[in-house]
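Below is one structure, written out as structure tokens; comments come after it.
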Amino acid sequence: MDNSFQTSFIPKKPIISSGYNAPKNKTLSISMVVSVFILIVVCGAMGGLFVYKDYLQKNKAELSANLLKIKDSFNKDTIALLEMYDKKSSVATQVLDGHMVLSPLFEAINEFTLSSIQYTKFEYSIINNIISVKMSGIAKDYKSIALQADVFSSNKDNTFKDLVFSNLTKDKTNFVTFDLEFNTDVKLLSYKDNIITNINSNPVSDSTSDTENVIDTLPETNQTQ
């Protein structure tokens with residue numbers, strides 16, 4: 336009879352791991368995959384930006400070189416002449432825009448003034464694109480001044496705005512002296528606008544018809560041999 340017994344504590348069968356740690360390992364694997372994917376995307380984006388930046392720099396250099404070639408192809412004297420012309424044209428435009436002509440205002444005053452009214456003084460000033468006119472005159476009587484105010488006020492072209500008659504005084508000859516103030520539209524006195532208006536109202540006629548008209552007006556002559 337064998338009385339010996341086994342004193343070894345090493346198990347004969349392999350140790351089987353419990354299933355408790357499996358979900359943890361699975362979670363770590365998914366996180367690692369996501370991290371690797373994000374890293375790949377970031378690296379790809381950085382690489383794309385680097386390539387695009389390099390493309391823009393090369394494109395900029397090519398455009399600059401082309402501009403220099405185009406600039407060198409122009410005649411320097413021609414460029415200087417064009418620059419001088421541009422400066423003169425800008426100055427001429429500014430002068431033309433700021434130039435005023437009084438003839439349209441005088442024509443309007445003459446057209447709308449009654450025969451019983453006479454003017455003895457005329458002044459004007461331009462402030463903030465508003466033309467302020469001050470005048471003095473003589474009227475036959477007070478009724479003439481009232482009628483004149485109605486005529487000026489009835490004008491629809493805004494020629495006589497903010498009309499004011501003042502200092503009405505009867506002199507020794509029984510005529511009435513007065514002062515007159517009004518504002519008018521700055522466009523009325525614009526030299527540029529008046530030129531455009533005159534051109535539009537007086538178009539250039541056909542040269543052939545003009546020649547025919549001149550010929551028709553010539554006196555007839557009898558040819559004698």
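Residues 336 to 560 (the numbering used here) make up the sequence shown, in order. Ideal Cβ placement from N, Cα and C applies to all residues, glycine included.
Per-residue burial, G472 [other beta carbons within 10 Å of its own, 16 or more giving buried]:
buried
Does the Cβ of L402 have 16 or more other Cβ atoms within 10 Å, making it buried, or fewer, making it exposed?
exposed
Anticipated Cβ contact below 8 Å, S451 with A474, distance rounded:
6 Å
Under the three-state reduction of DSSP, which class applies to V539: helix, strand or coil?
At V539, the pLDDT of 49 sits below 50, so the modelled position is not reliable and the matter cannot be decided from this model.
Test item: CB-CB of T512 and T504 under 8 Å
yes
Which of the three DSSP states, helix, strand or coil, is assigned to K491?
coil
Where the beta strand (DSSP E) through S471 begins and ends
465-474
From the DSSP output, which residues share a beta bridge with F457?
M470
From which residue to which residue does the beta strand (DSSP E) around L515 run?
511-520
Span of the alpha helix (DSSP H), counted from its first residue to its last, around S438:
438-447
Which of helix, strand or coil DSSP assigns to K395:
helix
Just reading off the beta strand (DSSP E) that D497 is part of, what are its end residues?
496-505
Taking F510 as the reference, give the member of M419, Y454, Y459 with the closest Cα.
Y454
Nearest CA to the CA of V521: which residue from F487, T508, K496, G379?
K496
Buried or exposed for T519, please, with buried defined as at least 16 other CB atoms from any protein chain shown within 10 angstroms of its CB.
buried
Please return the same chain residues whose Cβ sits closer than 6 Å to the Cβ of I465, not counting the five positions on each side in sequence.
N518
When the Cα of V486 is compared with those of I444, V369, L523, which residue comes out closest?
I444
Which same chain residues, not among the five before or five after V387, have their C-beta less than 7 Å away from its C-beta?
For the record, residue 387 in the displayed sequence is Tyr; it is not Val. So no residue of the chain qualifies.
Candidates V468, V368, L437, S488: which alpha carbon is nearest F447's?
S488
Which whole-angstrom value describes the C-beta separation of L482 and L437, a residue pair presumed to lie in contact below a C-beta threshold of 8 Å?
Not quite, the Cβ-Cβ distance comes to about 25 Å (not below 8 Å), so this is no contact.
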